[in-house]
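Right, one structure below, let's go through it.
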Amino acid sequence: GAVVSQHPSWVICKSGTSVKIECRSLDFQATTMFWYRQFPKQSLMLMATSNEGSKATYEQGVEKDKFLINHASLTLSTLTVTSAHPEDSSFYICSAREAGGAFSAYEQYFGPGTRLTVT
Amino acid sequence: KNEVEQSPQNLTAQEGEFITINCSYSVGISALHWLQQHPGGGIVSLFMLSSGKKKHGRLIATINIQEKHSSLHITASHPRDSAVYICAVRFRSGNEKLTFGTGTRLTIIP
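First to last, the sequence lines map onto chains D and S. The numbering of the first sequence is our numbering, which starts it at 1 and goes up by one. The numbering of the second sequence is our numbering, which starts it at 1 and goes up by one.
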């Protein structure tokens, strides 16, 4: 099956710094990628949807300037948490979707997640 | 309103037992996913269904479109099956977005 990787798997940063998380589709081209956030013992919350080559669509309540998303190629999307604060500490998960191709159409594959801790 | 409900919220069973986790949704869908999340967080996509039944090893997923209901079954359960199982649905009216159930925390006791 298709594989989605995330890097780093965990990161600790100081308050006020920026952190970049990468999401890669390893063996397929992802026309659409999704970024989710998950708090402990809660379900995934969609932050934004990005399509390759265009601006991301953010969900209501998600700050665009704080969570910068770049989907520069069909295999890579990045989420940058700018000026991180302790309340940004969370588990961030990306997911990629391929329309057509070798794998099932519209199947959505999830990355392993990145645990961000802001001190 | 597009809603997804899972039951039970928590399930503890003995090793070897047959496990059933249920998912109901409110309106028409284009696809339903069953996901597995182990402690530590990584999510694995188990199945994507739009009709009928799928089987992979000891896992079976079924969906009844008319009743708006899906089940995930685990045969001969094992402690390594302990995880949170999440039902996620793509509603026809929801564009590309998945709506997630609250998850079922499964614990298999040796």
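Cβ atoms here follow ideal geometry from the backbone N, Cα and C, with glycine treated the same way.
Applying the 10 Å Cβ sphere with the 16-neighbour rule, what's the burial state of residue i?
i: Leu106/S; result: buried
i: Gln38/D; result: buried
i: Ile90/S; result: In the sequence as displayed, the identity of residue 90/S is Arg instead of Ile. By the neighbour-count rule (16 or more Cβ atoms within 10 Å), Arg90/S is buried.
i: Asp88/D; result: buried
i: Gly53/D; result: exposed
i: Ser51/S; result: exposed
i: Ala48/D; result: buried
i: Gln108/D; result: buried
i: Ser112/S; result: Because residue 112/S is not part of the residues shown, which for chain S are 1 to 110, the question remains open.
i: His71/D; result: buried
List, in chain order, every chain S residue whose beta-carbon is nearer than 9 Å to that of residue i.
i: Thr80/D; result: Near Thr80/D there are no residues of chain S at all, since even the closest Cβ is about 20 Å away, more than 9 Å.
Using a Cβ cut-off of 7 Å, pull out every chain S residue sitting near residue i, in sequence order please.
i: Glu107/D; result: Met48
Please return the same chain residues whose Cβ sits closer than 7 Å to the Cβ of residue i, not counting the five positions on each side in sequence.
i: Ile108/S; result: Ala13, Glu15, Ser77, His78, Pro79, Asp81 and Ser82
i: Phe100/S; result: Val4, Ile86 and Ala88
i: Ser104/D; result: Note that Ser104/D has pLDDT 47, beneath the 50 cutoff, so the model's placement of it is unreliable and no number is given.
Taking 6 Å as the line, does the beta carbon of residue i fall inside it for any heavy atom of the ligand GDP?
i: Glu5/S; result: Because no ligand of any kind appears in the structure shown, any question about the ligand GDP cannot be addressed here.
On the three-state DSSP scale, how would you describe residue i?
i: Arg92/S; result: coil
i: Met45/D; result: strand
i: Arg80/S; result: helix
i: Glu122/D; result: Chain D is shown only over 1 to 119; residue 122/D falls outside these bounds and no answer can be derived.
i: Glu59/D; result: coil
i: Glu107/D; result: coil
i: Lys5/S; result: Checking the sequence shown, residue 5/S turns out to be Glu, not Lys. If DSSP states are grouped into helix, strand and coil, Glu5/S belongs with the strands.
Would you mind telling me which residues of chain S sit closer than 8 Å to residue i, beta carbon to beta carbon, in chain order?
i: Gly113/D; result: Gly41, Gly42 and Ile43
Can you find the residues in the same chain that come closer than 6 Å, C-beta to C-beta, to residue i, ignoring five residues on each side of it along the sequence?
i: His69/S; result: Ser24
i: Ser71/S; result: Thr20, Asn22 and Thr62
i: Tyr58/D; result: Ala48 and Lys64
With a threshold of 8 Å on Cβ separation, who are the neighbours of residue i within its own chain once the five nearest residues in sequence on each side are excluded?
i: Cys13/D; result: Val19, Ala84, Leu116, Thr117, Val118 and Thr119
i: Gln9/S; result: Thr102, Gly103, Thr104 and Arg105
Figure out for me which residue from the options has the closest Cα to the Cα of residue i.
i: Phe91/D; options: Leu11/S, Leu35/S and Pro39/S; result: Pro39/S
i: Met33/D; options: Pro86/D, Ile69/D and Pro112/D; result: Ile69/D
i: Thr104/S; options: Lys55/S, Lys97/S and Trp34/S; result: Trp34/S
i: Gly111/D; options: Thr57/D, Gly61/D, Thr80/D and Leu76/D; result: Leu76/D
i: Pro8/D; options: Leu26/D, Thr78/D, Glu98/D and Arg97/D; result: Thr78/D
i: Ala96/D; options: Ser50/D, Gly16/D and Ile21/D; result: Ser50/D
i: Asp27/D; options: Leu74/D, Gly16/D and Thr82/D; result: Leu74/D
i: Lys1/S; options: Gly28/S, Leu59/S and Leu11/S; result: Gly28/S
i: Ser7/S; options: Leu98/S, Lys97/S and His73/S; result: His73/S
i: Ile93/D; options: Leu32/S, Gln37/S and Leu11/S; result: Gln37/S
i: Val84/S; options: Gln42/D, Val11/D and Ala2/D; result: Gln42/D
Beta-carbon of residue i versus every beta-carbon of chain A: anything under 7 Å?
i: Ser83/D; result: Judged by its chain identifiers, the structure shown contains no chain A, and its protein chains are D and S.
Show which residues of chain D have a CB atom less than 7 Å away from the CB atom of residue i.
i: Phe100/S; result: Ser43 and Leu44
Chain D partners of residue i, CB-CB under 8 Å?
i: Ile65/S; result: Those within 8 Å of Ile65/S in chain D number zero; the least Cβ separation is about 17 Å.
i: Leu35/S; result: Phe110
i: Gly103/S; result: Ser43
List, in chain order, every chain D residue whose beta-carbon is nearer than 9 Å to that of residue i.
i: Ile86/S; result: Ser43 and Leu44
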